[in-house]
Amino acid sequence: MFNPFSAEVMQPVVANLERSLKSHPREIIVLYYNPRHAEVLDQAASFELHMENGDWRMYGTLPVKSQSYGTSPAGSVMSKSE
Numbered sequence: 001m002f003n004p005f006s007a008e009v010m011q012p013v014v015a016n017l018e019r020s021l022k023s024h025p026r027e028i029i030v031l032y033y034n035p036r037h038a039e040v041l042d043q044a045a046s047f048e049l050h051m052e053n054g055d056w057r058m059y060g061t062l063p064v065k066s067q068s069y070g071t072s073p074a075g076s077v078m079s080k081s082e
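Position one of the sequence shown corresponds to residue 1 (the UniProt record's numbering), numbered consecutively onward.
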């Protein structure tokens, strides 16, 4: 995403993603370039910040624990505390 819309529009978009994740658990990565409304994703329960620099942030869903998914071929992802 490149700051595609205001926080008022982004909030329901993120809420829709979270609802979708509850019904169909999976890994999602959101690359947010020019993160003017990063607080919307920062406050979302289903996403955590994986990486950032001054221009962008990368968020991912919390790890999915399911026998059908297993582990990611890339290994573990960096947590907020790392």
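All residues carry an ideal CB built from backbone N, CA and C; glycine is no exception.
DSSP bridge partner residues for residue i (one or two, in chain order)
i: M51; result: M58
i: V30; result: Y59
C-alpha gap between residue i and residue j, whole angstroms
i: P34; j: H24; result: The displayed chain sequence assigns Asn, not Pro, to residue 34. Using only the alpha carbons, I get a separation of about 29 Å.
i: V9; j: A38; result: 13 Å
i: R57; j: K22; result: 23 Å
i: residue 83; j: L62; result: Past the boundaries of the shown model lies residue 83; the chain is included only from 1 to 82, so the question cannot be answered.
Contact under 8 Å by Cβ, residue i with residue j
i: L17; j: I28; result: yes
Exposure label - residue i; buried when at least 16 CB within 10 Å
i: F47; result: buried
i: V14; result: buried
i: G54; result: exposed
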